[in-house]
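Below: one structure, written as C-alpha cells.
Residue numbers (our numbering), protein chains in the order written: chain A, 4 to 117; chain B, 1004 to 1114.
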C-alpha cells in the first residue's frame, strides 16, 4: 500500500515549456487535490476532484489544468510554465480516519522554472 | 472567504521546553480543525478536532478546540529536536473535504 505517489520528484523547466505532474493513490479515495506550497504562504489549493470525472477550481487555478483520468490518478498540467510557478507541488487524497475525513499527502514535486 | 491564522509564525525553544501553538479560524461552515506536521517533505496528519473542549492526545502532543472562540491550540511537552518542523493548521469547512490551511508555525528545538 504505497498511499499517494507523485512523479517526478524534481523538475527544471524553461519559461514557456509544458509539463504534466502525475499523482496516483491506492487507497480507493474519491477525492483528490493539488496544492502548491511557497515560502510564507502555506498550502494553497490549485484544483480538486471530488470524484472520477469531476474537477473544480481551488484558490489559485490560473495557469494550470487538471485531468482525473480514473479513480486512482489525478494529473496537473502546466501548459506554458512561468517563473511564478516555481514551487513545491503536493497531491493529496481524502479518506476517513476514525470516522472523520482527512487528507493524505504525496511526497511532493519540486519545480523550478527558469 | 474562509481564513485560518496561525501564531507565532516561528518559535525557537530548547529541548525540554513546553510549547503552545495557536490557530484561529473564520469560516462560514465549520466541519473540522486539523493539525499536520511537516518536516521538509509531505505534511503528516496529527489530529482532527470536531468537538469543543475535548482534548486529543498522542504521546507528548495534545490539542484542543474552542468552537465558541474559534481557535485551537497544539501543545508539545518536553520538546525534542525531532519535534523541529512546520506545524500546519487547517480547517475542513468546505465541501468535498476541502481544506483551508494557515501559513504554519516553524518550530525549532535546539539541543
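The beta-carbon is built from N, C-alpha and C at its ideal position, and this holds for glycine as well.
*Does the distance from the C-beta atom of residue 1068 of chain B to that of residue 1075 of chain B stay below 7 Å?*
On the second chain, residue 1068 of chain B is found 65 positions in, with the first residue counted as 1. On the second chain, residue 1075 of chain B is found 72 positions in, with the first residue counted as 1. Yes. Within cutoff.
*Quick one: is residue 1100 of chain B near chain A, going by C-beta distance under 7 Å?*
Indexing the second chain from 1 puts residue 1100 of chain B at position 97. For residue 1100 of chain B, the answer is yes, since a Cβ of chain A falls inside 7 Å of its Cβ.
_What would DSSP say about residue 87 of chain A, mapped onto helix, strand or coil?_
Taking the first chain and counting its residues from 1, one reaches residue 87 of chain A at position 84. Correct three-state label for residue 87 of chain A: helix.
*asked:* So residue 1016 of chain B and residue 1112 of chain B are supposed to be a Cβ contact under 8 Å. How far apart are they, rounded?
replied: In the second chain, the residue the question calls residue 1016 of chain B occupies position 13. In the second chain, the residue the question calls residue 1112 of chain B occupies position 109. The beta-carbon separation of residue 1016 of chain B and residue 1112 of chain B, rounded to 6 Å, stays under the 8 Å limit for a contact.
*How many Å lie between residue 20 of chain A and residue 85 of chain A at the Cα?*
The count along the first chain starts at 1 and reaches residue 20 of chain A at position 17. The count along the first chain starts at 1 and reaches residue 85 of chain A at position 82. Cα-Cα distance, rounded: 8 Å.
*asked:* Quick check: does the Cβ of residue 1035 of chain B come within less than 6 Å of any heavy atom belonging to the ligand NAP?
replied: Looking at this structure, you won't find the ligand NAP or any other ligand, since it has none at all.
*Count the other C-beta atoms from every protein chain shown that fall within 10 angstroms of the C-beta of residue 1086 of chain B, then say buried if there are 16 or more, exposed otherwise.*
Residue numbering aside, residue 1086 of chain B sits at position 83 when the second chain is read from its first letter. Residue environment for residue 1086 of chain B: buried (at least 16 other C-beta atoms within 10 angstroms of its C-beta).
_Distance CB(residue 1036 of chain B)-CB(residue 1072 of chain B) smaller than 7 Å_ = The residue labelled residue 1036 of chain B in the question sits at position 33 within the second chain. The residue labelled residue 1072 of chain B in the question sits at position 69 within the second chain. No. Outside cutoff.
_C-beta atoms of residue 1049 of chain B and residue 1108 of chain B nearer than 7 Å_ = Translated into positions along the second chain, residue 1049 of chain B becomes position 46. Translated into positions along the second chain, residue 1108 of chain B becomes position 105. No.
*Take the Cβ of residue 1043 of chain B as the centre, count every other Cβ of all protein chains shown within 10 Å, and call the residue buried at 16 or more, exposed below.*
Indexing the second chain from 1 puts residue 1043 of chain B at position 40. Exposed is the call here.
_Proximity of residue 1091 of chain B and residue 1041 of chain B at Cβ, strictly below 7 Å_ = In the second chain, residue 1091 of chain B corresponds to position 88, counting from 1. In the second chain, residue 1041 of chain B corresponds to position 38, counting from 1. The beta carbons of residue 1091 of chain B and residue 1041 of chain B sit closer together than 7 Å.
*Please confirm whether residue 1084 of chain B and residue 1021 of chain B have their CB atoms less than 7 Å apart.*
Against the second chain, residue 1084 of chain B aligns to sequence position 81. Against the second chain, residue 1021 of chain B aligns to sequence position 18. Their beta carbons are not under 7 Å apart, which means residue 1084 of chain B does not touch residue 1021 of chain B by this criterion.
*Give the DSSP-derived three-state secondary structure of residue 98 of chain A in the structure shown.*
In the first chain, residue 98 of chain A corresponds to position 95, counting from 1. Note: residue 98 of chain A maps to strand in three-state DSSP.
*Helix, strand or coil: how does DSSP classify residue 1103 of chain B here?*
As a working note, residue 1103 of chain B is residue 100 in the second chain. Residue state, collapsed to three classes: strand.
*Kindly give me the distance between the Cβ atoms of residue 79 of chain A and residue 14 of chain A, rounded to whole angstroms, as I take these residues to be in contact under 8 Å.*
Residue mapping note: residue 79 of chain A aligns to position 76 of the first chain, counting from 1. Residue mapping note: residue 14 of chain A aligns to position 11 of the first chain, counting from 1. About 12 Å separates the beta carbon of residue 79 of chain A from that of residue 14 of chain A, a gap too long to meet the 8 Å contact definition.
*In chain B, which residues lie with their C-beta within 7 Å of the C-beta of residue 108 of chain A?*
Position 105 of the first chain holds residue 108 of chain A. What residue 108 of chain A touches in chain B, judged by beta-carbon distance under 7 Å, is 1045 and 1046, going in chain order.
*Straight-line Cα distance separating residue 91 of chain A from residue 1047 of chain B*: Here the question's residue 1047 of chain B lines up with position 44 in the second chain. Here the question's residue 91 of chain A lines up with position 88 in the first chain. One C-alpha to the other measures close to 16 Å.
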